Amino acid sequence: MGDRDPSVALPDGADPAARSRELRRAHAAFTRDGRVETPVRAVIARSWRRCARARLSPECAPRVELAEAQLRPYREEHPLARVMPLFRDLVGAFAAHGAHLLAVCDARGSLLWVEGEPATLRRAERLGFVPGTRWAESAMGTNAPGTAVAVGEPVQVFGAEHFSRRVHPWTCAAAPVRDPRTGRLLGAVDITGGDGLAHPHSLAFVGAVARAAEAQLALLDERPPAPRDSLTALGRDEALLVAGGRRVRLGRRHSEIMALLAHHPEGLSGEELAIALYEDESVSAVTLRAEMSRLRALLGASAPLSRPYRTAGPLDADFTSLTRQLAVGAVSAALGSYPGPLLPASTAPGVVRLRRRIEDQARAALIARADAGLLADWVCRAWGADDPEVWRALAAALPPEGRPAALARVDALDRELGARPGRRGRPATYPQPARS
């Protein structure tokens, strides 16, 4: 893969026609036997592998998910509608000059706006690149708006780097746009056109447009942020609660109670909370009421309410934010600063179930993302050091010269865990690296 800058689709001095021929051969090799060849960039190879795991066909075609009657009101209410004037100001002249298109999609990869030079628009319509169609990577394979939404980073896709053959004549560059307050993924802004967009400047430009849109959204939202209580429980045996302007370090049992109530904002009955809290099912209701009484004395007006037990107001938990980011594909943002499992020392049944669910979601997203840096961070921490699946994924993501150490660790864990009753490992669902 050998490009100096792996984010750039066409290195300086490269011949676009020659590069296109090489990529078409590489695309044919991959779709025929799953082999990634030079000059396929790592970001594209990872995307192709995700497409293969999703069993996408290289002949896939876009489908309409939002008919006109649905599209119009949805588009008007979408947060990115407020920055469309900015997109048109910044991208419009650039697109018109180069016969390119401006496209904006939502967080699911559905196109909301496609605008630009009329002749290029007509070509795009024949392709199915029109508002209301879904261009998520899981639906249309590797493409700039869909892949930018999937990985949460700016992406440039040139010619046959697209997984769908029908998109090979096109080149595009896209960058994700996030809510400046919450970090929630809103969608992506994209520039689509011909080979000229393979220039490094187009990727930098679309990234700058996305950042300008986020700054504009922050300025447009003049409402003061409502104070909200927060709970920090990832990687900690004792959670930190910020409530009513106070910072309170909770004991282990109180940490478990607040984590369970944060996960169930609708509330839990006394029986439901007791079942989730105590391993011993014979624990009486009096024990739970005494624990809640101590928690009320500690927190005062911020203490949970009863009948049902529930938080006194909205409570932002770090593990809820993590799962929300993972759900929209913001894997780097979610796991880049991941501090560890939820209340790792807790044996409360409800906490154990929630911890496993969060860990499974994080591991699945991590393995699917196939980012060597994130995978290495995971296995270098206490919770991931003995995880053979993530070690395998790391070996698959590394260049050949970096694989032996990871594969040796996989072999050691397979031997060790194979001898343990109730081993955790599950069969891998991603391509296995060649032992080279």
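Numbering (my numbering), first residue to last: 168 to 603. Even glycine gets a Cβ: it sits at the ideal position worked out from N, Cα and C. Being a predicted model, the structure only gives us computed values, none of them experimental.
In this chain, the alpha helix (DSSP H) harbouring E235 covers 235 to 244. Around the beta carbon of C547, fewer than 16 other beta carbons sit within 10 angstroms, so the residue counts as exposed. Contact between R249 and L353 is absent: CB atoms are separated by about 10 Å, not below the 8 Å threshold. Annotated three-state conformation of E304 is helix, per DSSP.
Listed in chain order, the non-local C-beta contacts of A573 below 7 Å within the same chain comprise W558, L561, A562, L565, local neighbours out to five positions each way being set aside. Distance from the Cα of E446 is smallest, within the candidate group H430, L279, A515, S436, for A515. Put simply, of W215, A193, R536, R213 the residue whose alpha carbon is nearest the alpha carbon of T205 is A193. Annotation: the region 473 to 528 contains the following complete segments of the alpha helix (DSSP H) (minimum length 4 residues), in chain order: 485 to 494, 498 to 502. Here V297 carries a coil assignment [DSSP, helix/strand/coil]. Assignment of beta-bridge partners to I442 by DSSP yields no partner. Restricting attention to G411, F261, C339, R216, the CA atom closest to the CA of I534 is found in R216.
In the structure shown, V344 falls within a strand segment according to DSSP collapsed to helix, strand and coil. Excluding sequence positions up to five before and after A400, its CB lies within less than 7 Å of the CB of A406, S422, A426, A484, D485, F486, L509, L510, all in the same chain and listed in chain order.
The beta carbon of V409 lies closer than 7 Å to those of D396, S397 in the same chain, with the five residues before and after it left out. For G374, the closest alpha carbon among the candidates A311, L502, D538 is that of A311.
Only residues of its own chain outside the window of five on either side were considered, and among them none has a CB closer than 7 Å to the CB of Q237.
Looking only at P432, L584, A543, D538, the smallest Cα-Cα distance to A212 is reached by D538. For G507, the closest of W550, A270, L177, M251 by C-alpha to C-alpha distance is W550. One Cα belongs to G467, the other to W545, and the distance between them is close to 39 Å. Look at the region 369 to 456 and you find these whole runs of alpha helix (DSSP H), each 4 residues long or longer: 419 to 430, 437 to 444.
Cβ-Cβ separation between T359 and W337: approximately 6 Å, consistent with a contact (criterion under 8 Å). Note that the C-beta distance between F197 and V376 is not below 8 Å.
DSSP places C272 in the uninterrupted beta strand (DSSP E) bounded by 268 to 273. By the criterion of a C-beta distance shorter than 6 Å, C218 is surrounded in its chain by G308, F330, once the five residues flanking it on both sides are discounted.
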